[in-house]
Amino acid sequence: MVTNAAHSFGAEDGGPGLPILNWSVETGDLRVVHAFGLHALQLMPLVGYLVTRADWPESRQVVTVWVITIGYAALVYWTYAQAL
Numbered sequence: 000m001v002t003n004a005a006h007s008f009g010a011e012d013g014g015p016g017l018p019i020l021n022w023s024v025e026t027g028d029l030r031v032v033h034a035f036g037l038h039a040l041q042l043m044p045l046v047g048y049l050v051t052r053a054d055w056p057e058s059r060q061v062v063t064v065w066v067i068t069i070g071y072a073a074l075v076y077w078t079y080a081q082a083l
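In this text, residue positions in the sequence shown follow numbering that gives the first Met the number 0: the first is 0, and each later residue adds one.
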């Protein structure tokens, strides 16, 4: 977003967008990736906390956190690929 001095790919900023968020519905919008990536900072510690509360062996807890982390990273990458 800083390099382009804009948050849209493929067109100038502005135009039709999603209600409330105003994310572009016509071109790629990097704000989507930015939001999902930043929310990982809140979601991953919460996932770790909730998994440790489960009565599971430690190895299962670690695997669960890794699977969720990799899945969320794939989601962030997918939103990035969609924006481009």
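Glycine included, C-beta positions come from ideal geometry on N, C-alpha and C.
Nearest residue (CA-CA) to T68, options H33, V31, L29, H38: Considering only alpha carbons, the answer is H38.
Could you compute how far the alpha carbon of V62 sits from the alpha carbon of Q81? Cα-Cα distance, rounded: 28 Å.
Taking all protein chains shown into account, do 16 or more other C-beta atoms lie within 10 angstroms of the C-beta of V32, making it buried, or fewer, making it exposed? Looking at its Cβ environment, which holds 16 or more other Cβ atoms inside 10 Å, V32 is buried.
Nearest-angstrom beta carbon gap, Y71 and L45 [assumed within contact, 8 Å]: About 12 Å separates the two Cβ atoms, so there is no contact after all.
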